[in-house]
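For reference, the structure discussed in these notes is given below.
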Ligand SMILES: Nc1ncnc2c1ncn2[C@@H]1O[C@H](COP(=O)(O)OP(=O)(O)OP(=O)(O)O)[C@@H](O)[C@H]1O
Ligand SMILES: [Mg+2]
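Chains as they are written, first to last, in my numbering: chain A, 2 to 231; chain B, 3 to 537.
Shown next as structure tokens:
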């Protein structure tokens, strides 16, 4: 890395370790991950199932806690430097999560699912208008009152993306955004990411599909607990 | 904001929240009903006590005491006392038509004065208004008579060709209709008798002055002393399902013999002497004990019957030699306090006045033998019992409420378990631990509030219509919870106290929230990563 880079460093991960205890043996999932994500970059992380991609993504987003190592976000250590409550706030304000399994709230309709991130945290003006505009952009304006169970997989994923974007996060984290979708639908989601990326959105995307990773600016592979260039 | 949204969305789901609401509703309703009825009973007792018994009473024993007239003058001269009246009280046997005997409590009193110290005047049953009301109701019933005849005919028609079980049911209905027709006809006939008896005079005036109405043509009523009888003494004055009195066999004007047992000043029992009286009116206080036992007669008449009047004293060795006069005796004195003076204050003042009076009249008994007590002291045991019963019931139902807190705990535990993934999502999106915990606290608070509101409304209706409900239960299922003989009053008393209802309401909402504390803590501890790992 060099300091003359035009783009300021957005996220930097250093020597991240994470292990889980399963019965009597320890599963060492991450064994010293180093990573830098630049402002406006679209990064893909590849890896086999069970290699620890989701674990890494959660750690980057401040959702989990590492055993050792640090995650800096704009020069701020989000684990050592933030209390749990402040980290909750940080996730809400700066990070947009798109989960592997959509994870929409079944009781809320499309509009409410989109607005929920905005409703958590400080009061935002014109939240509803913003959600409406966002859903329109994602082609869901005629489904606002529908419940998640009335939507197709692709539609659900688009609602999940809308929910992740409503607070205009600095960083969008997507865990297998196309994993549960057919090829054609998956491609529309990728087109959406490309569009967001063109608008300057920083994206870290996890996938096990190389053809999908190709759409990103840069790909890294998680193997044996460490990241390597692809 | 998201908490409110989720609370209302979760509320609209499935039956679990409704179960919790029902639990809270029932607990609140039960508590409010119990407290209202017991509280109503208590305040009715208090009201009845002061209204029916007067504020302070003084009495000795069955032999009575002398100089009561001077004592009354002395008491009425006190600034604390508004009025006082002498009474003679004893038990007697009332022989009614067909030689049926009824044991009654006979009270000899001046009605005008009694009305000044108790609510006697308001308790007089036959007045111009009540007679008119009875007649109007009877008119209305007579207007519906044809309908009943029609009903009866239709039922008889149905009887033909009905199955055996249906016949029994229809037979019962026919009996009911016939009973009603009979009540209406007999009631009408007897009202006419009463109306003729009063002969255009004001019925209440006879109760207030112990007079009899002028005789009408064919009147067989005797020229005997009057009496005013408790409405429930006559077993033929029956209450129908609606709680109204049906007059089956009025006693007004009819001669009846009353036997009392005289006791001499020295406590010896003298041969009983019967005397004939005729009822000129009835009274109805709602206090069953009084209505079913008491008979008022003129003071002088009873005094004479009991040999308590002024008498000549003769030389025991030579009965022809008069050595003086024995003064007249009374059994008790009832005193009413002036406004602003409590019964207790009046009692203490009278006790002090009596001490001086006793010093001047040494043949009167001193205070413990002359007992001076307030109505509250007289009802002490009863009031305490009711108070205890109220507390006990409140305690018991509070335990039931603890069970409902546990129920809420269980219900919320289930809700939190079921919503673990949602909680994880919210946490991942930035909701704090406190935030997700408070969703469930708010949720429980809303459930508590809805349950409390429903429970209060239900309790309000049950408490308001408790007597109608009770009558219906008795009619439909033969269930009688309120035995008038046991509870003194003929109607179930009830009184919704806004403060008590308020306390119960707040406690119920707090309890519901308390029930959700553990599940809410559980929600706060949900690990978002763990809950998001699976689909
Ligand atoms: N809470 C946990 N307890 C025990 N083991 C865990 C836990 N979370 C993750 N693991 C293990 O850590 C490893 C990495 O899990 P992770 O979900 O990060 O993999 P992944 O690369 O995202 O896989 P996939 O492509 O299937 O989503 C797996 O072997 C998993 O079993
Ligand atoms: Mg994964």
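Backbone N, C-alpha and C fix where the C-beta goes; we use that ideal spot for every residue, glycine too.
- Between residue 30/A and residue 12/A, the C-beta spacing is not below 7 Å.
- From the listed residues 275/B, 258/B, 254/B, the smallest Cα separation to residue 264/B is found for 275/B.
- Under the 10 Å beta carbon count, residue 180/B is surrounded by fewer than 16 other beta carbons and is classified as exposed.
- One finds 102 in chain A with Cβ atoms closer than 7 Å to the Cβ of residue 537/B, taken in chain order.
- The closest heavy atom of ligand 2 lies less than 6 Å from the beta carbon of residue 101/A.
- Nearest C-alpha to residue 155/A among 148/A, 179/A, 132/A: 179/A.
- Of the candidates 74/A, 18/A, 201/A, 129/A, the residue whose Cα lies closest to the Cα of residue 66/A is 18/A.
- Taking a beta-carbon distance threshold of 7 Å, residue 122/A counts as an interface residue toward chain B.
- Contact with chain A is absent for residue 533/B, since none of that chain's Cβ atoms lies less than 7 Å from the residue's Cβ.
- Shown here, residue 340/B sits in coil according to DSSP, grouped into three states, outside any helix or strand.
- Selection 420/B, 356/B, 408/B, 52/B evaluated against residue 16/B yields 420/B as nearest (Cα-Cα).
- When only Cα atoms are considered, residue 28/B and residue 122/B end up about 42 Å apart.
- For the segment 39 to 58 of chain B, there are no residues whose beta carbon sits under 9 Å from a beta carbon of chain A.
- With a threshold of 6 Å, the Cβ atom of residue 422/B does not count as near ligand 1, since no heavy atom of the ligand is closer than that.
- Of all residues in the segment 173 to 194 of chain A, none places a beta-carbon less than 7 Å from a beta-carbon of chain B.
- At a C-beta separation below 7 Å, residue 74/A has no neighbours in chain B, since its nearest C-beta there lies roughly 14 Å away.
- Across the segment 432 to 466 of chain B, CB contacts with chain A closer than 9 Å involve 432, 433, 434, 435, 436, 437, in sequence order along the chain.
- Listed along the chain, the chain A residues whose CB falls inside 7 Å of the CB of residue 424/B are 106.
- Counting along the chain, the unbroken beta strand (DSSP E) around residue 59/B starts and ends at 58 to 61.
- For residue 530/B, the neighbours in chain A by C-beta distance under 9 Å run, in chain order, 59, 64, 65.
- For residue 11/B, the nearest CB of chain A lies under 7 Å from its own CB, placing it at the interface with that chain.
- By the Cβ criterion, the segment 492 to 499 of chain B is in contact with the segment 32 to 47 of chain B, since at least three pairs of Cβ atoms, one from each stretch, lie closer than 8 Å.
- Taken through DSSP and simplified to helix, strand or coil, residue 179/A comes out as coil.
- Inter-residue distance for residue 504/B and residue 216/B is about 58 Å (C-alpha atoms, whole angstroms).
- Exposure of residue 68/A is indicated by the presence of fewer than 16 other C-beta atoms within 10 angstroms of its C-beta.
- Within 7 Å of the CB of residue 196/A, no CB atom of chain B is found; the nearest one sits about 23 Å away.
- Your pair residue 203/A and residue 40/A checks out as a contact, with CB atoms roughly 6 Å apart and the cut at 8 Å.
- Counting C-beta pairs closer than 8 Å gives three or more between the segment 324 to 338 of chain B and the segment 63 to 75 of chain B, which meets the contact rule.
- Contact between residue 186/B and residue 154/B does not hold, since the beta-carbon distance rounds to 13 Å and is not under 8 Å.
- For residue 113/A, the residues of chain B that pass the 7 Å Cβ criterion are 7, in the order they occur in the chain.
- 44/A is the residue among 24/A, 141/A, 44/A, 73/A whose C-alpha sits nearest the C-alpha of residue 223/A.
- Residue-level contact check: residue 3/B touches chain A, since one or more beta carbons of chain A fall below 7 Å from its beta carbon.
- Around the beta carbon of residue 273/B, a 10 Å sphere encloses fewer than 16 other beta carbons of the protein chains shown; the residue is thus reported as exposed.
- In the DSSP assignment, residue 107/B falls within the beta strand (DSSP E) that extends over 102 to 111.
- Residue 170/B sits exposed, since fewer than 16 C-beta atoms from the chains shown fall within 10 Å of its C-beta.
- Taking non-hydrogen atoms of ligand 2 into account, the C-beta of residue 52/A is found less than 6 Å away from none of them.
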